[in-house]
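Chemist: Residue numbers (UniProt numbering), protein chains in the order written: chain A, 1 to 382; chain B, 1 to 382; chain C, 1 to 401; chain D, 1 to 401. Think of the CB as a built atom: it goes at the ideal place given N, C-alpha and C, for glycine as much as any other residue.
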Amino acid sequence: MDFDLSDEQRLLKDSVERLLADRYDFESRNGWLGGEPGWSRDMWARYAELGLLALPFASEYGGIDGGAVETMIVMEAFGRALVLEPYFPTVVLAGGLLRHAGSKDQKADLIPQIAEGGLLLAFAQAESQSRYDLFDVATTARKDGDGWIVDGHKTVVLHGDSADRLIVSARTGGGRRDRDGIGLFLVDAGAEGVSRRGYATQDGHRAADILFENVRVGPEAVVGNPEDGLPVIERAVDEAIAALCAEAVGNLAVIHEETVEYLKVRKQFGVPIGSFQALQHAAVDMYVDLEQARSMAMFATMMAGDPDAAARRQAVAAAKVQIGRSAKSVGQSGIQLHGGVGMTMEFKVGHYFKRATMIDATFGNVDHHLDVVAGGDSLVAA
Amino acid sequence: MDFDLSDEQRLLKDSVERLLADRYDFESRNGWLGGEPGWSRDMWARYAELGLLALPFASEYGGIDGGAVETMIVMEAFGRALVLEPYFPTVVLAGGLLRHAGSKDQKADLIPQIAEGGLLLAFAQAESQSRYDLFDVATTARKDGDGWIVDGHKTVVLHGDSADRLIVSARTGGGRRDRDGIGLFLVDAGAEGVSRRGYATQDGHRAADILFENVRVGPEAVVGNPEDGLPVIERAVDEAIAALCAEAVGNLAVIHEETVEYLKVRKQFGVPIGSFQALQHAAVDMYVDLEQARSMAMFATMMAGDPDAAARRQAVAAAKVQIGRSAKSVGQSGIQLHGGVGMTMEFKVGHYFKRATMIDATFGNVDHHLDVVAGGDSLVAA
Amino acid sequence: MDLRFTEEEIAFRDEVRSFFRKALPEAIRAKMVDGHHLSKDDIVAWQRILNEKGWAVPHWPVEYGGTGWGPMQQYIFQEEMQRTPAPMPLPFGVSMVGPVIYTFGSDAQKQRFLPRIANIDDWWCQGFSEPGAGSDLASLRTSARRDGDHYVVNGQKTWTTLAQYADWIFCLVRTDPHAEKRQQGISFLLIDMETPGITVRPIQTFDGGREVNEVFFDDVRVPAENLVGEENRGWDYAKFLLGNERVGIARVGVSKQRLQRIRELAGQVTQDDRPLIESPKFREKLASVEIELKALEMTQLRVVAADARRGNTGRPDPASSILKIKGSQIQQATTELLMDVVGPFALPYEEEPDEGSNEPPIGPDWAGPAAPTYFNWRKISIYGGSNEIQKNIIAKAILGL
Amino acid sequence: MDLRFTEEEIAFRDEVRSFFRKALPEAIRAKMVDGHHLSKDDIVAWQRILNEKGWAVPHWPVEYGGTGWGPMQQYIFQEEMQRTPAPMPLPFGVSMVGPVIYTFGSDAQKQRFLPRIANIDDWWCQGFSEPGAGSDLASLRTSARRDGDHYVVNGQKTWTTLAQYADWIFCLVRTDPHAEKRQQGISFLLIDMETPGITVRPIQTFDGGREVNEVFFDDVRVPAENLVGEENRGWDYAKFLLGNERVGIARVGVSKQRLQRIRELAGQVTQDDRPLIESPKFREKLASVEIELKALEMTQLRVVAADARRGNTGRPDPASSILKIKGSQIQQATTELLMDVVGPFALPYEEEPDEGSNEPPIGPDWAGPAAPTYFNWRKISIYGGSNEIQKNIIAKAILGL
């Protein structure tokens, strides 16, 4: 067992952190947030330059062969800087689907484009009735000659408004909640029959509702097995959850640091409020919850690639529960200990709390994942 | 709405409290606890003298016509003094069954004996498999001429070891977990075929496991409808739970007072430990939980006699949940704030914590009653 | 001891309830139900409906428009208003400055201001908090220098709720900078928001809301007749004002209404292909909050009854701190439950729609306010004396620590 | 970064695990599983089995009997011992006084005491706490006056665990009552419990247990050769001793074993006519504790790895305070889960049966210790520096508050 970063990992961490420290100050972020497309194309180019957009992909397609630990490093740093760019939907989520199920041709075509920053992807998965069930798919793809026709309505597609291409989960057979009969299809965002309504999310990111009406795609659009796509979706989503956990750790670490700092500088009744024992202990509780979250994000990272799907699910779900609980306790305490100013847009703490809270609501909240853990085997058996 | 005690109620409260203040000091209690029968026959006689043993019974049988509020007053005072005598099993629990289901003859026979302190009763209800389900009864009563033959094994019968007579729930028909077909039977503790094994409980009370082998009782032993005793059992047990809630409030109030007092007198680092803000806030949390428990004990008292059985159940269950949670939080904090000495037999706090904890385990713990509340209608609808 | 409502109390409750149901415009009720923002017009309209009925300021002395109700009736009135749900009258006029004026103000002030408060002809806001003061209110620095028959006010107030609509502000100002104790030397001034030198700057809260403001005073000339009571006695009036907040602070009715709504909504979303409200886990979470709320309701009634018993002295029962602490926790718990209900539909951020906007919401139409309310209501355990301060108060005043 | 055990670590774990399974007498294991008290003989027997294997004092320097294992191996060793579950060696000899003796003691002391500690030929107890001192250890008052080649000890120690079996006690005593700071003037003495003037009085804990004692010293004459290190330097040795407690403080293995046992037992009791372990609510409560425990295990491994990285300096990582806080909460949570499992069978109180008693227990045979353990384990958040003290430490040492 080894908790140290390798030299390459350390280098990666340092360079991401340096880039963000140099460029991603709060004012710049606010500027991008208020403009179009709601994030920075300049930063996106810099991520490409640094190799971040190529990170998880195989070197044979121009990738860097990074693994879950590398993704964790980037996502935690992004969480610390509250990065707005669509790294998660493009590189982690859709990238994961591509990595695990894409054909050679698809990979050879798409990965270099992603890597150089020229292609944005989104995973159009959730539907209004599906809540957090990945297998609940009403959108259909029916065979039409050698191609397919996709019909359906996807909702809260993360960064779906600026994506160039969409990977759409659609039912090729079976009933709405069957585990079989789900396929993945690459659809051009500009294809005929695709209409999008983009909007901001609570945390300053973007999302879209996307309607697919009689959208025709060719045979080359199929990603993986069109009758049995669910295992790939689950695998990619589990990896994506591990990445979100790391991002949330970045969020919570900043909330904690900002709060401790505020306790030191803010004076009341003539003394720093950090001298009040009740506030000290609250800050310690935050610290404990943060470190527990960090531990579980590491655990999820370690288990995200586990070949045993049940063990992977169990581990990732457990991490998501811990992250969600820590987001609540650390975030709420962070606001509370700041007092009134914690409620304002000017102070950082609220923004980080919003992002961490939205991470809880993404791909399954605490309740959802607690069900998973409770339904499975013991998490701590030998 | 009126939270004030009537003059009679005030008088009752004062006289019970005075009696206990005069006689029920901790040393005396320890003495009774260590001796035979594990409580004080002298105190029992005094309760009789004061009318407490007649309290809930109708005046036509020599009772005092007290209601749920009067029982609450006595039980809270008993909770404050950590009274050991079998008031709950005899007067509240078995007394409740008698009041609600006893025949005129049974009442006329038994109530005067109870009132004068000459008769102890116990309710032999729980069985090893029944957990907290009142309807789960494997003990049988089968018709034998004009009488009945009782067979079965009852467990943790509160103060069953010193009871003169037992009220036994037994199945006269139906399957083990049917709601129909349960009867109540008065059985002499010394009857042939009855064998008892008495033991102490964690809180210094007494209980017994009781075996009934071919125990023959006459027709006069039937209490209420022998085929449909469950509604009466549920009613009496709900009233009994309300009484236990009041007793627990007495327990928790003393834990809180003792703890606050300790914080004032105990010095560390040269100052009273009550000057440390974290301990102050913990004491405040205890206070809030205590007052919430007190409110719910009152609510249960108010609702214990409600003619709508579902609303009564819901209210009593809600109170039991609150009491159980407050017992845990107040009790645990009480020990914690005392530090090491809180762990010792010499300090009161542990003894009160034990009693409050055992009340949670009696007639349904938090989990059991939360199920009830969650399964029912909204508790706070208009 | 009889913990049931009397027949008179039930009759009163029914009367109030039926009035609220009839009199409240449906458009306002609909906004209240799902926690959308109310417009200024909504608030004014409702206040005037109440005033027409004679119920605008029930807790005031009868001579100034009060109803003469006892604590239990006032409790029932508030509870029913919250449950309708109707907008609670803004406290700044009717609960804060109004009682200060009728208790300590001049006759001229009473005549000039009180009727306009009841009818919300004047919209009042509160100028107590200052940047850097927070819970330590007495450290305030906004100054008022006497200059002839005026005071000249300079300084800054903050957290001024809805100052953007306000006609008047009541302020604590420092009139004697040399007073021995900080609490001395403070006065209570009424200031017309139209006076030159006043600037209002909105503070955006992180949920996206624009409720609070900074208010700047730059050589603002205030007629001396707008001083309440005596100069340098303002701290006493402020303590009186803050002590008045008692009944209803727990907002039991608000939480009841929210839980009822959450129950309905949880019947409309599905989880595992059945209504969420049928999930045992969700029901247990709901039941746990309901149990706490029922307990708080009983606790509140105990406080109300104690008030009624010893007469409404204007002194807050220290136990009312429990109401604040537990009430805020429960209100916040309802926002967490609603987050559980909306699930993934917590994400979309929608500006509060303009009146008449016809763009459909993302997700169910009640989902939009869930996250902003979750964020915004964190303030409940901060404002009006944070829960930490409340615990300090209980430790000292009740526990004697 | 690779968070999996290496092959070597797995091989080591398997070796340790299989030894523990084979070597631990079944009667002792059975008592451990259900939390029954161990006899003195049980404890001695197991320690000697370990010593025979060469594993009695793995963390000691090799020259005194240690194994030379790194932090990760020591972690695995402890974890496996806890999970077997085998009795953890009593800390007073092997973890407390032993390291003080080999670090600060004379050669004579090393030769005399260390082998007997490893083999538990001497049973040691700890004489630090005093009545009235509590968390403020430095306020101790037990005095040792030099008289020729002896010290004469007077005073009282308390919370002395298992002193009823002890052959020796190590004490902090005040040798210079006039020292400028309280921490100065304290010395570290080894005292034979057979010495005249020592009285041991049991303290009964409220769960019915008899683990701790008061120890009284009345003109107890202790040979000066039993002073460890220098006179008046005892506080340094005590800090060293207290700082050694690190790996294993979270008792992750204990909690794992308990949760596994709870899972089994919840399969044996029924609720609503089916095994409790099938109740979704119970499974969720269990899952929540397991998640916390898994997180703590990872946190602990991070601390162990950090130790390994910077060498075992003997300085505790301040993060180990997390292990204490969270570890105690989780251990206590397991006692609450077990209370849920036993339900009504929590009530019967049974004295720990004498060996060979054949009276059957009331209720299932594993139910008896549930409530006493729930009560007794409240101590875990009190002893060794209460959780409040731990939080003070973190606030200061890590957060800089």
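1) Using a 10 Å radius around the Cβ and a threshold of 16 neighbouring Cβ atoms, would you call residue 432 of chain D buried or exposed?
2) Is the Cβ-Cβ distance between D/M1 and A/V69 less than 8 Å?
3) In the stretch 260 to 294 of chain B, which residues sit with their C-beta less than 7 Å from some C-beta in chain A, listed in chain order?
4) Spell out whether any CB of chain B is found under 8 Å from the CB atom of C/S386.
5) Can you look up D/W55 in the DSSP assignment and give me helix, strand or coil?
6) Using a Cβ-Cβ cut-off of 6 Å (strictly less than) and excluding sequence neighbours within five positions of A/E116, which residues of its own chain qualify?
7) For A/G63, which residues from the same chain have a beta carbon less than 8 Å from its beta carbon, with the 5 sequence-adjacent residues on both sides left out?
8) Could you give the DSSP three-state label for A/N214: helix, strand or coil?
9) Determine the closest residue to A/A242 out of A/M303, A/P307, A/S162, A/F353, with distance taken between C-alpha atoms.
10) Could you name each continuous beta strand (DSSP E) segment of 3 residues or more that falls completely within the stretch 42 to 124 of chain A, going from the start of the chain to the end?
11) On the three-pair Cβ rule with 8 Å, is the stretch 283 to 293 of chain C touching the stretch 325 to 338 of chain C?
12) Step through the CB atoms of chain F and report whether any lies within less than 8 Å of the CB of C/R378.
13) Can you check whether the CB of B/L11 is closer than 8 Å to the CB of B/A77?
14) Short of 7 Å in beta carbon distance, which residues of its chain neighbour D/P223, apart from the five on each side in sequence? Order them along the chain.
15) Starting from C/V396, trace the alpha helix (DSSP H) in both directions and tell me its first and last residue.
16) Counting only the same chain and skipping the five closest in sequence on each side, list residues whose C-beta sits under 8 Å from that of B/H256.
17) Kindly say whether residue 388 of chain B, judged by its beta-carbon, lies nearer than 8 Å to any beta-carbon of chain D.
18) Flag A/V321 as yes if its beta-carbon sits less than 8 Å from any beta-carbon of chain D, otherwise no.
19) For A/T172 and A/E227, what's the separation of their Cα atoms in angstroms?
20) By Cβ distance below 7 Å, which residues in the same chain neighbour A/H368 in space, the five residues on each side in sequence not counted?
21) Could you compute how far the alpha carbon of C/H37 sits from the alpha carbon of C/A346?
22) My assumption, with CB atoms under 8 Å, is that A/A81 sits in contact with A/Y24. Please give the rounded CB distance.
23) Alpha carbon to alpha carbon, how far is D/Q390 from C/K181? Give it in angstroms, no decimals.
24) Note down the Cα distance separating C/H178 from A/G270, rounded to an integer number of angstroms.
25) Could you check where the beta strand (DSSP E) with D/A144 kicks off and where it finishes?
26) So A/S162 and A/P86 are supposed to be a Cβ contact under 8 Å. How far apart are they, rounded?
27) Where does D/Q47 sit, in a helix, a strand or coil, going by DSSP?
28) Comparing C-alpha positions only, which one of C/G243, C/A133, C/D34, C/P115 sits nearest to C/A86?
29) Short of 8 Å in beta carbon distance, which residues of its chain neighbour C/L24, apart from the five on each side in sequence? Order them along the chain.
30) In terms of DSSP beta bridges, what is D/P223 paired with?
31) With 8 Å set as the bound, which would you pick, yes or no: does the beta-carbon of B/V92 sit closer than that to a beta-carbon of chain D?
32) Give the interface partners of B/Q125 over in chain D, defined as CB-CB distance under 9 Å, in chain order.
33) Please identify, using Cβ separations under 7 Å, the residues of the stretch 320 to 352 of chain B that lie next to chain D, in order along the chain.
34) Determine which residues of the stretch 234 to 266 of chain C have a Cβ less than 8 Å from any Cβ of chain A, and write them out in chain order.
35) Give the interface partners of D/A11 over in chain A, defined as CB-CB distance under 8 Å, in chain order.
36) Is there a Cβ of chain A sitting closer than 8 Å to that of D/D14, yes or no?
Modeler: Working from what's here:
1) Because chain D spans 1 through 401 in this model, residue 432 of chain D falls outside it and cannot be assessed.
2) Here residue 1 of chain D corresponds to residue number 1 of the fourth sequence, with the count starting at 1. Here residue 69 of chain A corresponds to residue number 69 of the first sequence, with the count starting at 1. Contact flag set, yes.
3) Using a CB distance below 7 Å, the part of the stretch 260 to 294 of chain B facing chain A consists of F276, Q277, A278, H281, ordered along the chain.
4) Taking the third sequence and counting its residues from 1, one reaches residue 386 of chain C at position 386. It does not; no Cβ of chain B falls within 8 Å.
5) As a position in the fourth sequence, residue 55 of chain D is number 55, starting the count at 1. If DSSP states are grouped into helix, strand and coil, D/W55 belongs with coil.
6) Along the first sequence, read from residue 1 onward, the residue named residue 116 of chain A stands at position 116. Close CB contacts of A/E116 within its chain, under the 6 Å cut and outside five residues either way in sequence, are with A48 (chain order).
7) Stepping through the first sequence from its first residue, residue 63 of chain A is reached at position 63. Only A54, L55, P56, F57, I111, A115 meet the Cβ criterion.
8) The count along the first sequence starts at 1 and reaches residue 214 of chain A at position 214. A/N214 falls in the strand class under three-state DSSP.
9) Reading the first sequence from its first residue, position 242 is the one you call residue 242 of chain A. Here the closest residue by C-alpha is A/M303.
10) Fully enclosed beta strand (DSSP E) runs of no fewer than 3 residues occupy 121 to 124 of the stretch 42 to 124 of chain A, in order along the chain.
11) Segments in contact, yes.
12) Here the protein chains are A, B, C and D, and chain F is not one of them.
13) Within the second sequence, numbered from 1, the residue matching residue 77 of chain B stands at position 77. Within the second sequence, numbered from 1, the residue matching residue 11 of chain B stands at position 11. With respect to B/L11, B/A77 sits apart: the two C-beta atoms are not nearer than 8 Å.
14) The residue you call residue 223 of chain D lines up with position 223 of the fourth sequence. Correct list, in chain order: D149, H150.
15) Locating residue 396 of chain C in the third sequence gives position 396, counting from the first residue. A quick correction: the sequence has Lys, not Val, at residue 396 of chain C. Secondary structure note for C/K396: its alpha helix (DSSP H) is the uninterrupted segment 387 to 397.
16) The count along the second sequence starts at 1 and reaches residue 256 of chain B at position 256. A283, M286, Y287, L290, V330, G334, listed in sequence order.
17) Missing from the structure shown is residue 388 of chain B; chain B here goes from 1 to 382 and no further.
18) Against the first sequence, residue 321 of chain A aligns to sequence position 321. With 8 Å as the cut-off, A/V321 counts as an interface residue toward chain D.
19) Along the first sequence, read from residue 1 onward, the residue named residue 172 of chain A stands at position 172. Along the first sequence, read from residue 1 onward, the residue named residue 227 of chain A stands at position 227. Cα to Cα, A/T172 sits roughly 6 Å from A/E227.
20) Mapped onto the first sequence, residue 368 of chain A falls at position 368. If we look at A/H368 and ignore the five residues flanking it on each side, its Cβ neighbours are Y132.
21) The sequence position of residue 37 of chain C within the third sequence is 37, counting from 1. The sequence position of residue 346 of chain C within the third sequence is 346, counting from 1. A straight line joining the alpha-carbon of C/H37 with that of C/A346 spans about 17 Å.
22) Sequence index remark: in the first sequence, residue 81 of chain A carries index 81 (1-based). Sequence index remark: in the first sequence, residue 24 of chain A carries index 24 (1-based). About 4 Å separates the two Cβ atoms, so the contact holds.
23) Within the third sequence, numbered from 1, the residue matching residue 181 of chain C stands at position 181. Within the fourth sequence, numbered from 1, the residue matching residue 390 of chain D stands at position 390. Roughly 38 Å separates the two Cα atoms.
24) The residue labelled residue 178 of chain C in the question sits at position 178 within the third sequence. The residue labelled residue 270 of chain A in the question sits at position 270 within the first sequence. Approximately 18 Å between the Cα atoms of the pair.
25) Residue 144 of chain D sits at position 144 when you count from the first residue of the fourth sequence. It spans 143 to 147 - the beta strand (DSSP E) in which D/A144 sits, taken as one unbroken run.
26) Position 162 of the first sequence, counted from the first residue, corresponds to residue 162 of chain A. Position 86 of the first sequence, counted from the first residue, corresponds to residue 86 of chain A. Taking the Cβ atoms as the reference, A/S162 lies roughly 7 Å from A/P86, within the contact range of under 8 Å.
27) By one-based count along the fourth sequence, residue 47 of chain D stands at place 47. Helix.
28) Residue mapping note: residue 86 of chain C aligns to position 86 of the third sequence, counting from 1. Ranking C/G243, C/A133, C/D34, C/P115 by CA distance to the CA of C/A86 puts C/D34 first.
29) Stepping through the third sequence from its first residue, residue 24 of chain C is reached at position 24. W46, I49, T84, A86.
30) Translated into the one-based positions of the fourth sequence, residue 223 of chain D becomes position 223. D/H150.
31) Residue numbering aside, residue 92 of chain B sits at position 92 when the second sequence is read from its first letter. Taking Cβ atoms only, chain D never reaches closer than 8 Å to B/V92, which makes this a no.
32) In the second sequence, counting from the first residue as 1, residue 125 of chain B sits at position 125. The premise fails here: B/Q125 is roughly 10 Å from chain D at the closest Cβ pair, so nothing lies under 9 Å.
33) For the stretch 320 to 352 of chain B, the set of positions with a beta-carbon nearer than 7 Å to some beta-carbon of chain D reads Q332, I335, Q336, G339, G340, M343, T344, M345, G350, H351 in chain order.
34) Flagged: no residues at all.
35) Along the fourth sequence, one-based indexing puts residue 11 of chain D at 11. Think of a sphere of 8 Å around the beta carbon of D/A11: no beta carbon from chain A falls inside it, the nearest being about 14 Å out.
36) Counting from one through the fourth sequence, the residue named residue 14 of chain D turns up at place 14. Against chain A, the CB of D/D14 has no partner CB under 8 Å away; the residue lies outside that interface.
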